[in-house]
Structures are given as structure tokens and as C-alpha cells.
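S.K.: Below is one structure. I have some questions about it.
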Amino acid sequence: MNNHPNNYDLALFTGFNTDKKSIYLDINGTHLFVIGTSGSGKSVLLKTMVLYLLKTSMAKLYVYDCKNDGDFDIFKQNIKIYHEANDMLKHVDEVEALRVLRSDDKKENKGFEPIVIFIDEASYSLVIRSY
């Protein structure tokens with residue numbers, strides 16, 4: 000964590016420290032899992048993250064609303080919302096191929112557009128596909 004977003008290629012605002020300075024979480028090249036019980040605010044947190052990145056970053060965003068309950072419809076004008084597990088798997092494969100290509104480039108990802116994938120209710124999609 001850091002107090003200034005410019006220190007990171009990709010950062011999320013997470014709150015304030017005791018000195019009332021903004022704190023940012025570096026999500027560049029990381030994985031983040033949001034786990035909680037039903038109604039605990041997981042989707043609200045993900046929507047907040049999507050909104051923040053839409054306003055502050057040049058990242059390419061992939062959003063999967065696997066339950067297809069319309070939670071992410073508010074972003075339809077800005078980004079495409081996916082609902083099918085096949086789309087999710089296809090995009091994850093594409094991102095992995097890009098990651099390998101970028102790591103081979105030896106430029107340490109300089110100049111590359113960050114890619115962020117948000118998956119809401121992934122387990123729902125996997126359960127539905129198993130039937």
C-alpha cells in the first residue's frame with residue numbers, strides 16, 4: 000500500500016490512514032479474491048472497484064456477471080458485461096497469452112495497457128455448467 004497512486008501503474012483507493020492521507024492498493028500483476036457470505040457486499044465492492052478504475056485508469060476491463068442478475072448493468076455504456084463461462088475462459092486464455100508475450104518482451108510491461116478481470120459469482124457459473 001502507498002499514499003500516492005502515481006507510484007503504481009494500477010492502484011485502487013482503499014481509504015485513509017490515521018493522518019487522513021489517501022491509501023492505495025497496488026493491484027498491478029496481482030490476483031485479488033473477494034470472499035464473503037451472501038449479502039456481505041462483495042458485488043458492491045467489485046462495482047466500486049470497476050467504477051474507480053473506469054474513472055482513473057486506462058486499464059482494459061473485463062467484467063463477468065455470471066449470475067446475470069443485472070448487478071453490473073450500470074456499466075453497460077462504458078464496457079461490455081459478459082455472462083457466459085465460455086467468454087470468461089476465452090478471455091482468461093487471451094490475457095495469459097498476453098502475459099507471456101509481455102514477459103518475453105523484456106520491457107517489464109512498459110507501455111502496455113493494463114488488463115483487469117472482474118468475475119462476480121464465478122461459482123454460480125461453474126455450478127450451472129456442471130448440469
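Final position of the sequence shown in numbering that gives the first Met the number 0 is 130; the numbers increase by one with none missing.
Beta carbons are placed, not taken as given, at the ideal position from N, Cα and C, and that holds for glycine.
As the structure is a prediction and not an experimental result, all values here were calculated from the model.
Would you check if there are 3 or more beta carbon pairs closer than 8 Å linking the segment 71-88 to the segment 22-34?
M.R.: With the cut-off at 8 Å, the segment 71-88 and the segment 22-34 do not touch.
S.K.: Skipping 5 residues on each side, what residues in its chain have a beta carbon closer than 8 Å to that of Lys-59?
M.R.: Closer than 8 Å at Cβ, skipping near neighbours: Glu-112, Pro-113, Ile-114, Val-115.
S.K.: How would you call Ala-96, buried or exposed, if buried means at least 16 neighbouring beta carbons within 10 angstroms?
M.R.: With fewer than 16 Cβ atoms within 10 Å of its Cβ, Ala-96 is classed as exposed.
S.K.: Tell me whether Asp-70 sits in a helix, a strand or coil according to DSSP, three-state version.
M.R.: Three-state DSSP puts Asp-70 in coil, outside helix and strand.
S.K.: When you compare the segment 36-43 with the segment 10-22, are there three or more beta-carbon pairs, one atom per stretch, that lie closer than 8 Å?
M.R.: Counting Cβ pairs under 8 Å, fewer than three are found: no touch.
S.K.: Output needed for Leu-138: all residues of its chain with C-beta closer than 7 Å, excluding positions within five of it in sequence on either side, in chain order.
M.R.: This structure cannot settle anything about residue 138, because the visible part of the chain is limited to 0 through 130.
S.K.: Got a sec? Which residues, its chain only, sit under 7 Å from Asn-121 by beta carbon, not counting five neighbours each side?
M.R.: One detail in the question is off: residue 121 reads as Ala in this sequence, not Asn. Excluding residues within five positions, the ones whose Cβ falls inside 7 Å are Cys-65.
S.K.: Less than 8 Å between the CB atoms is what I'm expecting for Phe-74 and Val-49, so what's the real figure, rounded?
M.R.: Confirmed, about 6 Å.
S.K.: For Phe-71 and Lys-19, what's the separation of their Cα atoms in angstroms?
M.R.: Looking at the two C-alpha atoms, the distance is approximately 31 Å.
S.K.: Tell me whether Val-99 is buried or exposed, calling it buried when 16 or more other Cβ atoms sit within 10 Å of its Cβ.
M.R.: Exposed, since its Cβ has fewer than 16 Cβ neighbours within 10 Å.
S.K.: Let me know the secondary structure DSSP gives Thr-13 once reduced to three states.
M.R.: Note: Thr-13 maps to strand in three-state DSSP.
S.K.: Could you spell out the range, first to last residue, of the alpha helix (DSSP H) harbouring Leu-53?
M.R.: Per DSSP, Leu-53 belongs to the alpha helix (DSSP H) from 41-55.
S.K.: Using 10 angstroms around the beta-carbon of Leu-52, count the other beta-carbons present and answer buried if the total reaches 16, otherwise exposed.
M.R.: So Leu-52 ends up on the buried side.
S.K.: Buried or exposed for Leu-44, going by 16 or more other Cβ atoms inside 10 Å?
M.R.: Exposed, since its Cβ has fewer than 16 Cβ neighbours within 10 Å.
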